[in-house]
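In this note's numbering, the protein residues as written are 50 to 181. Think of the CB as a built atom: it goes at the ideal place given N, C-alpha and C, for glycine as much as any other residue. Read the structure below first, then the notes.
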Amino acid sequence: MRGAEEMYLPLDDPQVDSHWSPEELAALKKKELEDALKRVHEGLLHWVRFFENSPKYPKVGYLKRPKNWLDNEPRRPLCVLPVGLGLEPEPVGLGIELVVPPIEPVGELPPLLVPAEFGSRFAAATAEIFLN
């Protein structure tokens, strides 16, 4: 799975990278690479276990390749996503403001059914939250 870890690495952004010193950035990139390699291994291990433990997929053999065959193969780049899919990087350390439009009432709501073991105080508090 050579190169698969690249899909788990964040994209480089000079604006974001400027928040760290060169030493901190190098340590951060090292940790990100370790985490990415771990995620690739966990993902591959999931599918190996899935097929090993599934009676629907019997084992039929192994794939044989010449020794060091991967050294003779070119490294293929990951697919590039088209621009404009809404995958812009998030701002770091700037805070994100969540704007939620007001919800318009839709009419009369049915009575709130609450199990008796929760008590009437819970029912009143819950109704106040949802109805106000």
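Asked, Found
"If you run the structure through DSSP and keep just helix, strand and coil, what is Val-129?", "coil"
"Look at the Cβ atom of Glu-55, then the Cβ atom of Leu-112, and state whether they are nearer than 8 Å.", "no"
"In this structure, how does DSSP classify Val-109 when only helix, strand and coil are distinguished?", "coil"
"Among residues of its own chain, excluding the 5 on either side of Glu-72, which ones have a beta-carbon nearer than 7 Å to its beta-carbon?", "none"
"Would Pro-59 and Glu-91 be called neighbours here (beta carbons separated by less than 8 Å)?", "no"
"Between Met-50 and Asn-117, what straight-line distance do the alpha-carbon atoms span, to the nearest angstrom?", "14 Å"
"DSSP three-state call for Pro-71: helix, strand or coil?", "helix"
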